[in-house]
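In UniProt numbering, the protein residues as written are 1 to 592.
Report on one structure; see the data block that follows.
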């Protein structure tokens, strides 16, 4: 209907030559108001570049792209290239500038054509009296109205009726199909973990994690030309991650995705963009596994070429040094020097520099005899009423050898179970027994928020551990083990990326010497190398681990037991296939 309306407008313009009032189409109307913090960050960010793709193309190419933040250069003289229909995974180390890059694109700080709409998922849906379903539908209606106004604007321009951009807009208008808004919005919300009741819940009554899901549903529903997603799985359970992976694997416009889940990148991406330590954007075809293989092969060839070239240069330099004063040898020496100079002018083959790796360890504290932490016939409800039990009659135990992954749908109580283990929540019925010397350490999704954003990492750690040496070199060395090096150690914590903040929390956790560590979504904001370091640290640790994570690969690396939290109880997943078999089960369930 809407597409028909737009085409009727086109006929009217052809008939009478009227001009529509100009309508801004520079970016999709963002439902979230720009905060003072966002405005401040935008002022601290500078970007330059030159558009080299055709202005009316659906592909984007920008040459000589550079990006700086707080005066620090993040990307230098690189090429941006996004082709319509491709899905790009953006990878790079913590603090390299990936999130800042997406924010710069969303703010249109580079010359992206106006007809290309961009949406960045970064903020939660604002608290309001709108239900989750109404929020998504209302913003879809606004998007449809924006597209129709865009048609009017283009038709109002001279020769607008022949503009090739119109056809793609008509396709989008027709695909949106206003008559099916509620049905399709409900399907997306359901895939992200909502049910019939929670879809009708007002956003002001939701936690930040659920409002983020609403915002994600809105982004998926409007299907912008360029969809920018920064760690979209951070607030999802494994079931919703499986659904989102399947959904995004069919996204047919331009998707640029930051994710540190190799499993997710493999399932979604057609291309990988690597933001390198040399501040360049390097493009690879294929998913993450293909990227790893291709990069390794290229580095082997580059190393061979480097060694060969260096050997040639060394051989020529030896000849030059031994030429003496014989006229014919001097002429040959000069000739060889010219060859060397030409090679240097054209650019020598660079030596392959392995990425900076950091290896940290949780402090080994020695074994405590069992029982270390046990639940005896434990039931729990927040209200204290039996009809509201989240868990009922639990008999479980964690000891110093435990490597447990908690899985299950959102709302089943995984984080609640961790709080009962720490004693932050008391059992309604039954008894939780803890060893008298037991010390529990916990990392949660909100641990970063507890850091002092005004202090530097060194000053923060000095204050936290006053009993440890206070000299600068001691703390530089300790914090450096966690990948916070150079200026990162002395900058305000508030200026660090979320990934670097997470590394600082792990440094604090390791030095607190716990016997059992509870990890609630520890991979949020960590880069792939950091996740591998975390897995290695866990596998060397002599204490117990209980993990809640949406990262299938981390679970596969460290978990010896998988506990499914659902239907008021905790059951062990006994399949031989481990977490992979659990994922296959979720996929079958989702496809049904």
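From the three backbone atoms N, C-alpha and C, an ideal C-beta is built for every residue, glycine too.
Range covered by the beta strand (DSSP E) that runs through residue i
i, result
"residue 64", "60-69"
"residue 272", "271-275"
"residue 645", "Because the chain in this structure spans residues 1 to 592, residue 645 falls outside the shown range and cannot be described."
"residue 122", "Unbroken run through residue 122: none, as it is neither H nor E."
"residue 375", "373-380"
"residue 358", "No beta strand (DSSP E) holds residue 358; DSSP gives it neither H nor E."
"residue 45", "45-51"
"residue 254", "254-258"
"residue 82", "72-82"
"residue 283", "281-285"
Residue burial classification, residue i (beta-carbon count within 10 angstroms, cutoff 16)
i, result
"residue 26", "The predicted position of residue 26 is uncertain, since its pLDDT is 34 and thus under 50; no value can be drawn from it."
"residue 150", "buried"
"residue 277", "exposed"
"residue 159", "exposed"
"residue 49", "buried"
"residue 175", "exposed"
"residue 17", "Any reading at residue 17 needs caution, since the residue's pLDDT is 40, under 50, leaving its predicted position unreliable; the model's value is listed next. Burial call: exposed."
"residue 178", "exposed"
"residue 180", "exposed"
"residue 508", "buried"
"residue 213", "buried"
"residue 394", "buried"
"residue 35", "Confidence in residue 35 is poor, its pLDDT being 47 and thus under 50, which makes the residue's placement unreliable; the coordinate value appears in the next sentence. Counting Cβ neighbours within 10 Å, residue 35 comes out exposed, since fewer than 16 surround it."
"residue 339", "exposed"
"residue 584", "exposed"
"residue 239", "buried"
"residue 233", "buried"
"residue 560", "exposed"
"residue 361", "exposed"
"residue 216", "buried"
"residue 97", "buried"
"residue 461", "buried"
Limits of the unbroken alpha helix (DSSP H) element including residue i
i, result
"residue 352", "Note, residue 352: premise wrong, no alpha helix (DSSP H); not H, not E."
"residue 243", "238-248"
"residue 502", "498-511"
"residue 139", "132-155"
"residue 334", "327-346"
"residue 263", "262-268"
"residue 477", "472-480"
"residue 586", "578-591"
For residue i, the nearest candidate out of the options (CA to CA)
i, options, result
"residue 56", "165, 513, 83, 127", "165"
"residue 468", "502, 512, 92", "512"
"residue 524", "515, 516, 112, 534", "534"
"residue 65", "581, 282, 426", "282"
"residue 140", "426, 119, 154", "119"
"residue 563", "168, 575, 405", "405"
"residue 389", "361, 368, 430", "430"
"residue 492", "452, 518, 515", "452"
"residue 226", "472, 81, 487", "81"
"residue 183", "328, 374, 351, 133", "133"
"residue 432", "462, 373, 456", "373"
"residue 108", "45, 145, 565", "45"
"residue 71", "204, 100, 92", "100"
"residue 145", "130, 128, 170, 126", "170"
"residue 274", "547, 91, 575", "91"
"residue 256", "441, 89, 314", "89"
"residue 596", "408, 398, 463, 428", "For residue 596 there is no data in the structure shown, the boundaries of the chain being 1 and 592."
"residue 364", "539, 422, 63", "539"
"residue 438", "400, 425, 249, 68", "400"
"residue 367", "542, 204, 157, 577", "542"
Heavy atom of the ligand FMN within 7 Å of residue i beta-carbon
i, result
"residue 286", "Inclusion of the ligand FMN in the displayed structure is not the case, the ligand content being empty and no account of it being possible."
Touch test, the region 337-353 against the region 283-296, Cβ-Cβ under 8 Å, three pairs minimum: no
Taking only runs of the alpha helix (DSSP H) that begin and end inside the region 393-465, which ones reach a length of at least 4 residues, in chain order? 414-422, 457-464
Does the region 550-557 touch the region 465-483, meaning 3 or more C-beta pairs lie closer than 8 Å? no
Contained alpha helix (DSSP H) runs [length at least 4] in the region 163-250, N- to C-terminal order: 165-176, 181-191, 208-222, 238-248
Are the region 437-449 and the region 406-414 touching, with three or more C-beta to C-beta distances below 8 Å? no
Spell out a yes or no on whether the region 493-500 and the region 525-544 are touching, meaning 3 or more CB-CB pairs, one atom from each, closer than 8 Å. yes
Across the region 256-273 and the region 66-78, are there enough close Cβ pairs to call them in contact, namely three or more that are closer than 8 Å? no
Minimum length 4: unbroken alpha helix (DSSP H) runs contained in the region 507-569: 528-540, 552-558
Is the region 189-197 close to the region 205-220, with three or more CB pairs under 8 Å? yes
Quick check: the region 110-125 against the region 226-240, are there 3 or more CB pairs under 8 Å? yes
Between the region 320-336 and the region 348-362, are three or more C-beta pairs nearer than 8 Å? no
Within the region 85-118, note down every full beta strand (DSSP E) run reaching 3 residues or more, in order along the chain. 87-91
Any chance the region 479-490 sits against the region 456-466, with 3 or more Cβ pairs inside 8 Å? yes
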